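Down below is the structure, laid out as structure tokens.
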Amino acid sequence: MKTWMMLLCVCTFACRGVLADTKRVHVFVALADNEHQGIAKVPAKIGNGDDAANNLYWGTTDGFKSVFGRSKAWKLEKTEENLSAEILERRRYRHASEDCVLVAEAWRGKNIHECMNAFFANLRGRRSDLTAFIGHNGLMDAPAAVEPLDEAVTTDAVILCCLSASWFRTHLAALKVRPVLTTEQFMYPGSFLLRDALDVWLRGGTRAEIRMAAAKAYATNQKIPVKAAAGVFTKLE
């Protein structure tokens, strides 16, 4: 009996260890919204911040749902819709070969600031190993305050919006966050950038390698030279 109890304890401890090693990624997508955001106007169908299915940053070809839906590396586990007035859809994926779970949320366009505050709260709480924001740079429309954090353990962030390096720098520093992909120019935050960046991040690649993976993906999408595409992203190391 004692032997079985000891084995049970060992197995329980081992399982907890495996679960603890699972990498967690959380993606906050603020839907494009012609009416409520200071964005360059896009066609009405893809700029409707209340319609996730057709939105530029979620349902179109380069939107999160479509990009990760086509991916062979990420397997969809669960979909939830209309979780709240602000969150229109949440999707959970598991990586096919790496021990990683990804949760992505589509936030209503007019609630971009609530989305950004949730992004910062996720970073502050160290709830994920990597937290990503995709959409319009809402800090250009209204400021967001974060309280400095006294935390020794860091966490990673990807911020795919225009000029994110300069606009988010003080926020990330206050929260003691390590940026792994940010931007230097006005740009198009297609989710293919996050997909390719995560491929490198999951295998332990450097920030320079993550930047080049994003640059190559951006060059292909925008049909520009890789050197020009690389200038879109911050040299972080």
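Per my numbering, residue 39 is the first one in the sequence shown, and the count goes up by one each step.
Backbone N, C-alpha and C fix where the C-beta goes; we use that ideal spot for every residue, glycine too.
Quick caveat: nothing in here was measured; it's all calculated off a predicted structure.
Using a Cβ-Cβ cutoff of less than 8 Å, which residues in the same chain neighbour residue i once the five nearest sequence positions on both sides are dropped?
i	result
G269	E222 and Q223
E152	E124 and W145
H74	G87, G147, K148 and I150
Starting from residue i, trace the alpha helix (DSSP H) both ways and give me its first and last residue.
i	result
D234	F230 to L240
E247	R245 to Q260
R1	Summary: the structure shown does not reach residue 1, with the chain confined to residues 39 through 275, and so no result is reported for it.
K265	V264 to A268
R162	I150 to R162
By the DSSP assignment, the beta strand (DSSP E) with residue i in it spans what residues?
i	result
A195	T193 to L198
I125	I125 to H133
K110	Note, K110: premise wrong, no beta strand (DSSP E); not H, not E.
W145	C138 to W145
L168	L168 to I172
A68	K61 to A68
At the level of alpha carbons, what is the spacing between residue i and residue j?
i	j	result
Y256	R249	10 Å
K83	D188	44 Å
N155	R207	15 Å
G285	F66	Past the boundaries of the shown model lies residue 285; the chain is included only from 39 to 275, so the question cannot be answered.
G101	R245	24 Å
A126	D179	Here the sequence assigns Leu to residue 126, which means Ala is not the residue at that position. Distance between the alpha carbons of L126 and D179 is about 22 Å.
Y226	L168	21 Å
L45	R108	Its pLDDT being 38, under 50, L45 is placed unreliably by the model, and nothing is read from it.
A277	V80	Nothing can be reported for residue 277: it is not among the residues displayed for the chain, which extend from 39 to 275.
T193	K265	29 Å
E136	R130	15 Å
A134	R165	22 Å
A52	R128	Residue placement at A52 cannot be trusted, given a pLDDT of 38 that sits under 50; what the coordinates show is reported in the next sentence. Cα-Cα distance, rounded: 30 Å.
P217	V238	14 Å
L161	V215	7 Å
N92	T99	10 Å
T258	T117	30 Å
Q260	E247	20 Å
S122	D59	30 Å
For a quick check, are the C-beta atoms of residue i and residue j less than 8 Å apart?
i	j	result
S202	F106	no
A251	A267	no
K61	L240	yes
L198	F171	yes
V184	A212	yes
L210	A190	no
L236	V63	yes
H174	I77	yes
Kindly list the residues whose CB is nearer than 6 Å to the CB of residue i, restricted to its own chain and excluding five residues on each side of it in sequence; keep chain order.
i	result
R132	K113, E115 and V139
T272	A203, T220 and E222
R54	For R54, the predicted structure reports a pLDDT of 37, less than 50, and the residue's modelled location is therefore unreliable. A value from the coordinates is still provided. Once the five neighbours on either side are set aside, R54 has no close Cβ partner at all.
L177	W205
G85	A70 and N72
G243	none
Enumerate in chain order the residues of its own chain whose CB-to-CB distance from residue i is below 7 Å, with the five nearest sequence positions on each side excluded.
i	result
W96	V67, L69, A90, F102, K103 and A144
R233	V105, F106 and S109
P186	A212
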